[in-house]
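**Student:** In my numbering, the protein residues as written are 2 to 435.
We treat Cβ as the ideally placed atom computed from N, Cα and C, and that holds for glycine.
Next up is a structure, given as structure tokens.
In structure tokens:
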């Protein structure tokens with residue numbers, strides 16, 4: 002893909018999906034499956050799809066993922082399944098993400114399958130947070146016979162899928178559809194509840210939960226500690242994306258979104274969040290958006306496809322540019338950013354700066370709970386046996402709150418390993434009568 006092309010987000014038609022599925026070679030040693038962090042049954046579901054067995058294809062996906070419509074849209078397929086496809090050597094890999102999206106969407110539209118729900122007799126588990134890790138844990142444990150309750154601080158579940166990933170990459174009705182399916186497994190969602198403020202970990206145990214999973218991600222955006230950081234117009238990208246999501250869902254007025262029509266916007270950072278923020282700013286009417294990055298294009302953390310899509314949208318990039326100071330007017334309003342570019346100091350005029358230099362876990366839960374330890378960077382410390390348990394018995398954690406921020410599917414991969422740890426722990430304490 003060159004920089005003048007943009008990823009086509011249009012779903013495949015049935016004819017296109019069947020034709021694409023029939024291209025699959027059904028390799029004896031499928032490298033696509035190796036490239037998938039959760040080892041989706043890729044050749045098997047594609048084979049069933051190629052034969053028109055849509056329900057069987059969806060059932061095969063359900064063996065590994067609770068979020069196929071999400072993964073089909075936002076996974077870095079070019080690095081994972083598609084990147085490992087044998088046909089990628091000819092630059093014509095099977096469009097696995099598109100096929101996964103097609104199967105999930107077709108199933109949702111037609112209501113093909115409903116998983117059998119076992120009796121909830123194995124124990125009670127509380128899940129804190131409803132992002133990719135929390136939803137994976139909740140869905141998997143529910144299908145294993147656990148009674149699961151998910152606590153979410155926002156007004157509806159979805160976490161970063163709903164409030165962090167832009168609509169043009171992941172439609173919100175898709176997220177709502179996936180969370181609804183998980184609710185249909187018997188999972189209860191309790192929204193507008195902040196753990197550590199409205200209720201504590203200790204109080205959850207008092208309610209009768211046998212285990213608790215923390216999947217709160219990295220909710221606190223890092224700020225760039227340079228002069229002028231408190232000027233009006235310096236905005237954290239996570240906050241901006243959340244405000245746009247709330248505006249798009251009619252939960253707040255347009256004036257609450259930090260970027261106004263006609264604004265000149267600078268974005269500091271070059272990860273996937275920076276790409277999302279820059280592309281969203283253009284969609285909100287910004288006149289010009291420029292990504293300012295301290296190093297070169299070869300060192301950016303954004304996925305190649307996300308960078309290329311940003312370029313195709315019209316986002317500009319300034320390399321080897323280190324921010325030195327935010328420049329404001331006499332009224333405390335941002336008017337520019339002083340940078341060092343190749344040893345030359347330059348002031349870039351702007352109306353808004355969106356800071357996207359990473360995030361870290363919040364401290365609300367650990368500050369109200371004794372016995373949960375974190376490392377020097379604030380990430381929860383967990384054990385190998387039972388996998389994912391923190392330093393407090395019965396409390397588990399997974400996803401970005403344990404590791405550095407990663408992709409949706411990598412959070413799901415870790416969450417699945419924690420599911421095994423939780424189930425073995427709860428089974429053991431029940432057996433021992435603890």
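#1: So within the stretch 238 to 275, which uninterrupted beta strand (DSSP E) runs reach at least 3 residues, ignoring any that extend past its ends?
#2: For residue 1, I'd like the list of residues in its chain whose CB is within less than 7 Å of its CB, leaving aside the five on either flank, ordered along the chain.
#3: Look at the alpha carbon of residue 23 and the alpha carbon of residue 44, and state the distance between them as a whole number of angstroms.
#4: Is the stretch 359 to 373 touching the stretch 211 to 230, taking contact as three or more C-beta pairs under 8 Å?
#5: Would you kindly check if the distance between the Cβ of residue 373 and the Cβ of residue 355 is under 8 Å?
#6: In terms of residue numbering, what span does the beta strand (DSSP E) encompassing residue 337 cover?
#7: Residue 187 and residue 128 look like a contact to me (Cβ under 8 Å); what is the Cβ gap, rounded to whole Å?
#8: Please name the residue in 99, 321 and 38 whose C-alpha comes closest to that of residue 296.
#9: Okay, do the stretch 91 to 101 and the stretch 63 to 81 touch, 3+ Cβ pairs below 8 Å being the bar?
#10: Hey, which unbroken runs of the alpha helix (DSSP H) at 4 residues or more fall wholly within the stretch 327 to 397?
#11: Hey, out of 82, 237 and 59, whose CA is closest to residue 357's CA?
#12: Could you compute how far the alpha carbon of residue 350 sits from the alpha carbon of residue 235?
#13: Could you check how far apart the C-beta atoms of residue 395 and residue 183 are, in whole angstroms? I think they sit under 8 Å.
#14: From the DSSP secondary-structure annotation, give me the bridge partner or partners of residue 222.
#15: Any contact of the stretch 255 to 263 with the stretch 337 to 349, i.e. 3+ C-beta pairs under 8 Å?
#16: Taking the alpha-carbon positions, what's the residue 152 to residue 341 distance?
#17: Between residue 20 and the rest of its own chain, which residues show a CB-CB distance below 8 Å, the 5 nearest in sequence each way excluded?
#18: Going by CA-CA distance only, name the one from 250, 434, 431 and 427 that's closest to residue 142.
#19: Keeping to the same chain, check which residues put their C-beta closer than 6 Å to that of residue 109; ignore five residues upstream and five downstream.
#20: In whole angstroms, give me the CA-to-CA distance for residue 7 and residue 174.
#21: Looking at residue 439: is its Cβ nearer than 8 Å to the Cβ of residue 390?
#22: In whole angstroms, what is the alpha-carbon distance linking residue 4 and residue 286?
#23: Identify which residue in 25, 169 and 203 has its Cα closest to the Cα of residue 89.
#24: Measuring straight from C-alpha to C-alpha, what distance separates residue 283 and residue 316?
#25: So for residue 11, helix, strand or coil by DSSP?
**Tutor:** Put simply:
#1: 265 to 269
#2: Coverage of the chain is limited to positions 2 through 435, which leaves residue 1 absent and any answer about it impossible.
#3: Position 22 of the chain shown holds residue 23. Position 43 of the chain shown holds residue 44. When rounded, the distance between both Cα atoms is 11 Å.
#4: yes
#5: Residue 355 sits at position 354 when you count from the first residue of the chain shown. Residue 373 sits at position 372 when you count from the first residue of the chain shown. Their beta carbons are not under 8 Å apart, which means residue 355 does not touch residue 373 by this criterion.
#6: Position 336 of the chain shown holds residue 337. Where residue 337 is concerned, the enclosing beta strand (DSSP E) stretches over 335 to 342.
#7: Position 186 of the chain shown holds residue 187. Position 127 of the chain shown holds residue 128. The pair is not a contact, with the Cβ atoms about 13 Å apart (cut-off 8 Å).
#8: Here the question's residue 296 lines up with position 295 in the chain shown. Of the listed residues, the one whose Cα sits closest to residue 296 is 321.
#9: yes
#10: 365 to 368
#11: Stepping through the chain shown from its first residue, residue 357 is reached at position 356. Ranking the options by Cα distance to residue 357, first place goes to 237.
#12: Counted from its first residue, the chain shown places residue 350 at position 349. Counted from its first residue, the chain shown places residue 235 at position 234. C-alpha separation (whole angstroms): 13 Å.
#13: Against the chain shown, residue 395 aligns to sequence position 394. Against the chain shown, residue 183 aligns to sequence position 182. Actually they are not in contact, since the Cβ atoms of residue 395 and residue 183 sit about 23 Å apart, beyond 8 Å.
#14: The residue given as residue 222 occupies position 221 in the chain shown. 360, per the DSSP bridge assignment.
#15: no
#16: Sequence index remark: in the chain shown, residue 152 carries index 151 (1-based). Sequence index remark: in the chain shown, residue 341 carries index 340 (1-based). Taking the straight line joining both Cα atoms gives about 45 Å.
#17: Along the chain shown, read from residue 1 onward, the residue named residue 20 stands at position 19. Excluding residues within five positions, none has a Cβ falling inside 8 Å.
#18: Position 141 of the chain shown holds residue 142. Out of 250, 434, 431 and 427, 427 has the C-alpha closest to the C-alpha of residue 142.
#19: Along the chain shown, one-based indexing puts residue 109 at 108. For residue 109, where only same-chain residues beyond five positions count, the Cβ hits under 6 Å are 178.
#20: Locating residue 7 in the chain shown gives position 6, counting from the first residue. Locating residue 174 in the chain shown gives position 173, counting from the first residue. With a pLDDT of 42 at residue 7, under the threshold of 50, the predicted position of this residue should be treated as unreliable, though the coordinate-derived value follows. If you take the alpha carbons of residue 7 and residue 174, they lie about 23 Å apart.
#21: Any property of residue 439 remains undetermined from this structure, which presents the chain solely from 2 to 435.
#22: Here residue 4 is taken as the residue at index 3 of the chain shown, counted from 1. Here residue 286 is taken as the residue at index 285 of the chain shown, counted from 1. Caution applies to residue 4, whose pLDDT of 33 falls short of 50 and renders its modelled position unreliable; the value that the coordinates give is listed next. C-alpha separation (whole angstroms): 22 Å.
#23: To locate residue 89, count along the chain shown from 1; it is residue 88. It is 25 whose Cα lies nearest to the Cα of residue 89.
#24: In the chain shown, the residue the question calls residue 283 occupies position 282. In the chain shown, the residue the question calls residue 316 occupies position 315. Roughly 8 Å between the two C-alpha positions.
#25: In the chain shown, residue 11 corresponds to position 10, counting from 1. Coil, per DSSP.
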